[in-house]
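*Asks:* Pasting a structure below so you can have a look.
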Amino acid sequence: MVRLQLRRNRVRLAAWLVALVTMFAYVASYYQELFPTQAALDDFAAVSNTPGIRALTGLSPAANTLGGAVWTKAWMTIALALALGVVFLATRNGRADEEAGRTELLRSRMLGVHAATVASWLVLACLCVLVGVGITLVSAAQGLDPAGAGLRGSSVLGASVAGVGLVGLGVGAVAGQVAGTARAANALGSAVILGFYVLRMVGDLGDGALTWASPIGWGQKMEPFAGDRWWPLALLALLAVVLCTVAITLEARRDHGAGLIAARPGRAWAPRRFASPLGLGLRLQRGPIVGWTIAVVLAAVLFGSVAEAMADLLDDAGGDTADLLRGAGVPALLSMLASMIGLVTAVFATQSAVSLRGDEATGILEPQLAGAISRTRWALERLLIPVAGSAVLLAVGGAVLGAVYGATVDDPSQSAAMAGATLAYWPAVMVLVGLAVALFGWVPRVAVPATWGVMAAMWFATMLGEVFGLPDWVLDGLPFAAVPYLPLEPFSWTPLVALTMVAAVLTWSGVHRLRRRDLQPA
Amino acid sequence: MPTAASMAVQVENLHKSFGHVHALRGLDLTVPTGQVTGFLGPNGAGKTTAIRVLLGLLKADSGRVALLDGDPWTDAVRLHRRVAYVPGDVTLWPNLTGGEAIDILCRISGPLDPRRKHAMLERFELDPTKKARTYSKGNRQKVALVAALASDAELLLLDEPTSGLDPLMEAAFTESIREIKAQGRSVLLSSHIFAEVEKLADRVTIIREGATVESGTIAELRHLTRTQVTAVLDGGVDGLATLPGVHDLTVLDRHVTFAVDEAALPTVLARVAVLGPRSLVANPPSLEELFLRHYGDELAALSARAERQP
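Line by line, the protein sequences are chains A and B. Heads up: the first sequence begins at 1 in the UniProt record's numbering, then just goes up one per residue. Heads up: the second sequence begins at 1 in the UniProt record's numbering, then just goes up one per residue.
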């Protein structure tokens with residue numbers, strides 16, 4: 001049974017293991033280069049001591065050591081990713097198999113009620129331990145431990161990650177028993193993990209008491225390279241065992257295929273607004289819209305809280321980074337952060353714009369156009385979502401970034417200024433939307449991969465083009481390069497009007513073509 | 001023949017190609033107002049393509065297409081208020097419920113009648129509170145059917161609407177189509193289930209490889225075929241085989257079976273009466289037989305090719 005689970009999941013298991021350990025190795029080696037001196041590490045510790053960092057990633061008590069700095073950067077991401085990954089894998093092997101009827105097939109043979117479940121948990125527990133061991137080894141190899149302290153810090157580090165992963169396994173196991181569908185199990189499991197994360201976030205921002213209410217907080221409080229505590233690991237392991245025992249008890253009591261929470265019946269009727277493409281589009285894209293808004297606001301809070309301190313750090317670092325930012329000082333940094341928010345918004349807008357082709361490919365567009373809705377009306381209403389949504393996201397992102405930064409330098413006018421700086425990216429984002437529509441109209445079959453390809457190329461070129469020495473004409477030709485680099489550069493209408501016109505022409509061409517061509521489901 | 005003004009659908013010499021594939025090559029199809037027209041053909045014959053052209057989802061390459069009183073390509077929005085459509089392969093929004101999908105589909109083309117919706121939900125025994133993700137193919141089809149039948153569209157375009165339904169639900173479907181016909185509304189019913197079309201349709205159009213091969217009322221089409229007769233004759237089969245209009249006569253003891261052209265039926269039956277029949281069974285031709293006749297040469301060609309291969 002264990003062998004079957006290994007065989008079915010070998011690619012995923014290997015992918016999670018390699019991805020998490022490699023990510024840690026990358027951060028560790030990068031930080032080793034970035035902070036060659038103790039002065040640089042002291043700077044880092046000072047920069048990181050903000051509410052934003054404390055809330056998002058947690059702050060190591062020993063942030064001025066190499067190990068502490070790497071912990072601050074990578075631990076939360078890796079621990080969260082492992083916990084969530086284990087939840088998803090537990091669902092895949094548990095509830096999803098049961099839903100698909102594979103478990104039924106196995107259980108009808110000579111197989112105990114718990115055999116498949118326990119086998120999958122064993123495999124996943126091994127994954128957690130292996131990730132922990134891998135991180136310990138990388139950490140030891142990179143010499144993250146303070147000189148003369150042995151490998152205690154690295155061992156505690158690996159153990160803390162593995163411990164949080166094991167709790168994730170327990171959560172996933174219980175969620176798989178409680179929920180009646182794989183989707184619900186994943187949602188419930190991730191919600192609990194994120195709840196743990198928020199608990200510790202509130203705790204870290206306050207007096208730390210609530211941090212102790214969260215298993216992720218227990219992992220944090222193992223404090224590798226600082227307190228080096230082992231005993232919270234016992235708490236984590238105990239909780240994992242308790243949760244798995246609860247899951248086993250539930251599995252023994254319930255019917256095959258049933259969950260504790262029955263699938264909730266939905267509404268038997270739809271509100272009137274769903275009959276319009278805009279209303280329906282808003283409902284169907286509710287998840288992405290909320291998700292991207294949260295992502296942009298979180299990013300803006302983080303950027304805003306570190307901007308002032310980061311600029312000092314970068315001034316100290318000198319030459320290379322000034323190239324990267326195309327200038328020096330706080331304005332250059334703010335300009336770069338504004339362009340980052342522009343890039344993130346572009347992903348949202350692209351996702352929303354390619355959903356037009358998505359609807360055509362799945363065939364769901366056909367019954368809509370068989371109703372009394374013209375193709376033009378359908379396309380334009382649906383495009384209102386990326387068009388207006390991007391403007392809102394940019395304005396909110398800039399305003400939050402400016403407000404948080406403004407609070408650190410006592411300048412309330414920053415909020416409006418930064419909202420303006422990010423909104424300047426709206427025409428550039430619209431060019432991408434226009435491109436998506438034009439591709440949708442003219443070459444529907446390749447429109448989705450082509451649009452994402454352009455998007456990815458633009459991210460790459462905007463963020464790293466200068467580092468990789470791409471020719472200037474490529475870089476200057478990008479829609480994002482044409483946008484005035486506010487607040488570093490002066491504002492100018494000309495490129496914005498030009499970009500908007502390009503976007504309008506592309507959109508018009510795509511919609512016009514859509515009106516004249518056959519509908520082409522995939 | 002009904003006049004052009006009373007045609008809900010009129011298609012003449014319709015051609016449509018996708019790249020190298022010539023999907024429709026000269027299709028003729030009419031749906032008289034107030035009648036149910038069957039649209040028969042094997043998979044890949046071009047039925048779905050024809051219906052998509054009728055809905056203005058595809059643009060015709062050449063030929064004349066009239067839907068109600070307009071052109072489905074240029075007047076799509078105005079015409080679609082009066083048309084209901086059930087696709088052959090129903091796709092729904094996976095995270096909306098069946099009930100939500102029905103409301104959306106109804107309201108897109110006209111007002112929603114909650115009472116009719118409720119009645120249809122009951123008739124087809126569909127739970128509207130479940131997410132579409134959890135529906136089987138049959139249930140997704142029911143969603144589209146309920147939405148179409150709850151509307152007051154003048155014309156229903158149904159693309160193999162019963163392919164996922166169980167026999168009980170097929171009966172519910174038959175009942176619904178009879179009601180719609182009684183209200184004077186028109187139906188185009190594409191299918192490869194002959195019994196269903198035979199039960200419901202006034203007229204039938206048979207299509208093969210994108211072209212109409214046969215078209216007419218069920219009665220007219222029966223003219224074109226033969227009645228299958230099985231009899232037990234005490235007086236032997238003297239002279240029966242040589243009568244004009246008698247085909248494929250086989251005798252086993254006193255049991256005789258043969259096929260008769262409809263025109264020759266009176267003379268043949270008179271002859272049978274003289275031969276002392278003990279029992280007589282005469283079956284009208286089913287659409288299955290009509291169909292086999294039209295696709296017979298195709299089948300023959302297929303089997304010939306199979307034989308030629310070592």
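Don't be surprised by glycine CBs; every beta carbon is placed ideally from N, CA and C. Values in this document were obtained by computation on a predicted structure and should not be read as measured data.
(1) Who are the neighbours of R272/A on chain B, taking C-beta pairs under 9 Å?
(2) Could you check what DSSP says for K117/B in three-state terms: helix, strand or coil?
(3) Strictly by DSSP, which residues pair up with S190/B?
(4) Assuming L486/A and A338/A make a contact with CB atoms under 8 Å, what is their CB distance in whole Å?
(5) With C-beta atoms as the reference, is L158/B less than 8 Å away from V65/B?
(6) So does the segment 418-434 of chain A actually touch the segment 385-399 of chain A, counting three or more Cβ pairs closer than 8 Å?
(7) Could you have a look at I218/B and say whether DSSP puts it in helix, strand or coil?
(8) Suppose the cutoff is 8 Å on Cβ atoms and the five residues either side in sequence are ignored; what does the same chain contact list for T174/B look like?
(9) With a cut-off of 8 Å, do at least 3 Cβ pairs link the segment 424-444 of chain A to the segment 483-503 of chain A?
(10) According to DSSP, simplified to helix, strand and coil, what is P2/B?
(11) Excluding the 5 residues preceding and the 5 following A450/A in the sequence, name in chain order all residues of the same chain whose CB lies nearer than 8 Å to its CB.
(12) Between S374/A and V53/B, which are expected to be in contact by the criterion C-beta below 8 Å, what is the C-beta distance as a whole number of angstroms?
(13) Taking beta-carbon pairs under 8 Å, can you tell me which members of the segment 344-372 of chain A lie near chain B?
(14) Does any residue of chain B bring its CB to less than 8 Å from the CB of R95/A?
(15) Ordered along the chain, which non-local residues of its own chain (more than five positions away) have a Cβ less than 7 Å from that of A202/A?
(16) Please list the residues of the segment 68-87 of chain B that have a C-beta atom closer than 8 Å to any C-beta atom in chain A, keeping them in chain order.
(17) Keeping to the same chain, check which residues put their C-beta closer than 8 Å to that of V171/A; ignore five residues upstream and five downstream.
(18) Quick check: is the beta carbon of E122/B nearer than 8 Å to any beta carbon in chain A?
(19) If I measure Cβ to Cβ from A481/A and keep anything under 8 Å in the same chain, skipping five residues before and after, which residues do I get?
(20) Comparing the C-beta of T48/B with each C-beta of chain A, is any distance below 8 Å?
(21) Over what stretch of residues does the alpha helix (DSSP H) that includes K142/B continue unbroken?
(22) Could you name the residues that DSSP lists as bridge partners for D261/B?
(23) Could you check if K117/B is buried or exposed, using at least 16 other CB atoms within 10 Å of its CB as the buried criterion?
(24) Is the shortest distance between the beta-carbon of K142/B and the beta-carbons of chain A less than 8 Å?
(25) For a quick check, are the C-beta atoms of G434/A and T507/A less than 8 Å apart?
(26) Does the segment 138-154 of chain A come into contact with the segment 213-225 of chain A, if we say contact requires no fewer than three beta-carbon pairs (one atom in each stretch) closer than 8 Å?
(27) Looking only at DSSP bridge pairs, what is Q10/B linked to?
(28) Which chain A residues sit within Cβ distance under 8 Å of residue 392/B?
(29) Taking G219/A and G163/A to be in contact with their CB atoms under 8 Å, please state how far apart those CB atoms are, rounded to whole angstroms.
(30) Go through its chain and collect everything with a Cβ distance to E154/B's Cβ below 6 Å, but skip five positions before and after it.
(31) For F18/B, which residues does DSSP report across the bridge?
(32) For L380/A, which residues in chain B fall below 7 Å Cβ to Cβ?
(33) Taking only beta-carbon atoms, is K137/B less than 8 Å away from chain A?
(34) According to DSSP, which residues form a beta bridge with T507/A?
(35) So with Cβ pairs under 8 Å, would you call K59/B a contact of chain A?
(36) With a 10 Å radius around its C-beta and 16 neighbouring C-beta atoms as the bar for buried, classify G406/A as buried or exposed.
*Replies:* Taking the definition as stated:
(1) Residue mapping note: residue 272/A aligns to position 272 of the first sequence, counting from 1. Going along chain B in sequence order, the residues near R272/A (Cβ under 9 Å) are D103, R107 and L112.
(2) Position 117 of the second sequence, counted from the start, is the residue given in the question as residue 117/B. If DSSP states are grouped into helix, strand and coil, K117/B belongs with the helices.
(3) The count along the second sequence starts at 1 and reaches residue 190/B at position 190. In DSSP, S190/B forms a bridge with F39/B and D159/B.
(4) Start at 1 with the first residue of the first sequence, and residue 486/A comes out as number 486. Start at 1 with the first residue of the first sequence, and residue 338/A comes out as number 338. Indeed they touch by this definition, with Cβ atoms about 6 Å apart.
(5) The sequence position of residue 158/B within the second sequence is 158, counting from 1. The sequence position of residue 65/B within the second sequence is 65, counting from 1. No, Cβ-Cβ distance for L158/B and V65/B is not below 8 Å.
(6) yes
(7) Counting from 1 along the second sequence, the entry for residue 218/B is found at position 218. In this structure, I218/B counts as helix in the three-state DSSP scheme.
(8) Residue numbering aside, residue 174/B sits at position 174 when the second sequence is read from its first letter. Contacts found: E196, K199 and L200.
(9) yes
(10) One-based indexing of the second sequence puts residue 2/B at position 2. Its pLDDT being 46, under 50, P2/B is placed unreliably in this model, and the value from its coordinates should be taken loosely. Coil.
(11) Along the first sequence, one-based indexing puts residue 450/A at 450. L439 and V443.
(12) The count along the first sequence starts at 1 and reaches residue 374/A at position 374. The count along the second sequence starts at 1 and reaches residue 53/B at position 53. Going by Cβ atoms, the distance from S374/A to V53/B rounds to 17 Å, so no, they are not a contact pair.
(13) T362, G363, I364, E366, P367, Q368, L369, A370, G371 and A372
(14) Start at 1 with the first residue of the first sequence, and residue 95/A comes out as number 95. Cβ-Cβ to chain B under 8 Å: no for R95/A.
(15) Counted from its first residue, the first sequence places residue 202/A at position 202. Inspection of the sequence shows that residue 202/A is occupied by Val rather than by Ala. Around V202/A: L210.
(16) Those residues of the segment 68-87 of chain B that come within reach of chain A (Cβ to Cβ, closer than 8 Å) are A76, V77, R78, H80, R81, V83, Y85 and P87.
(17) Working through the first sequence from its first residue, we reach residue 171/A at position 171. Cβ contact annotation for V171/A (same chain, cutoff 8 Å, sequence separation greater than five): A83, V87, G189, V192, I193 and L243, in chain order.
(18) Counting from one through the second sequence, the residue named residue 122/B turns up at place 122. Chain A contact via Cβ: absent.
(19) Walking along the first sequence from the start, residue 481/A turns up at place 481. Closer than 8 Å at Cβ, skipping near neighbours: T462 and L475.
(20) Numbered from 1 along the second sequence, position 48 holds the residue referred to as residue 48/B. So no, T48/B is outside the interface.
(21) As a first step, residue 142/B must be located in the second sequence, where it is residue number 142. Note, K142/B: alpha helix (DSSP H), K137 to A150.
(22) Looking up residue 261/B in the second sequence gives position 261. D261/B pairs with R226/B.
(23) Counting from 1 along the second sequence, the entry for residue 117/B is found at position 117. Result: buried.
(24) Taking the second sequence and counting its residues from 1, one reaches residue 142/B at position 142. By this cut-off, K142/B is not an interface position.
(25) Locating residue 434/A in the first sequence gives position 434, counting from the first residue. Locating residue 507/A in the first sequence gives position 507, counting from the first residue. Closer than 8 Å, so yes.
(26) yes
(27) Position 10 of the second sequence, counted from the start, is the residue given in the question as residue 10/B. In the DSSP output, where bridge partners are listed per residue, Q10/B has T30/B and A66/B.
(28) Past the boundaries of the shown model lies residue 392/B; chain B is included only from 1 to 310, so the question cannot be answered.
(29) Residue mapping note: residue 219/A aligns to position 219 of the first sequence, counting from 1. Residue mapping note: residue 163/A aligns to position 163 of the first sequence, counting from 1. Contact flag correct, Cβ pair sits at about 6 Å.
(30) As a first step, residue 154/B is located in the second sequence; it is residue number 154 there, counting from the start. Hits under 6 Å: R82 and R185.
(31) Working through the second sequence from its first residue, we reach residue 18/B at position 18. Looking at the DSSP assignment, F18/B forms a beta bridge with V21/B.
(32) Here residue 380/A corresponds to residue number 380 of the first sequence, with the count starting at 1. The premise fails here: L380/A is roughly 14 Å from chain B at the closest Cβ pair, so nothing lies under 7 Å.
(33) Counting from 1 along the second sequence, the entry for residue 137/B is found at position 137. Chain A, which has no Cβ nearer than 8 Å to the Cβ of K137/B, makes this no.
(34) In the first sequence, residue 507/A corresponds to position 507, counting from 1. None, per the DSSP bridge assignment.
(35) Here residue 59/B refers to the residue found at position 59 of the second sequence. A Cβ of chain A is located within less than 8 Å of the beta carbon of K59/B.
(36) Locating residue 406/A in the first sequence gives position 406, counting from the first residue. By the 10 Å Cβ count, G406/A comes out buried.
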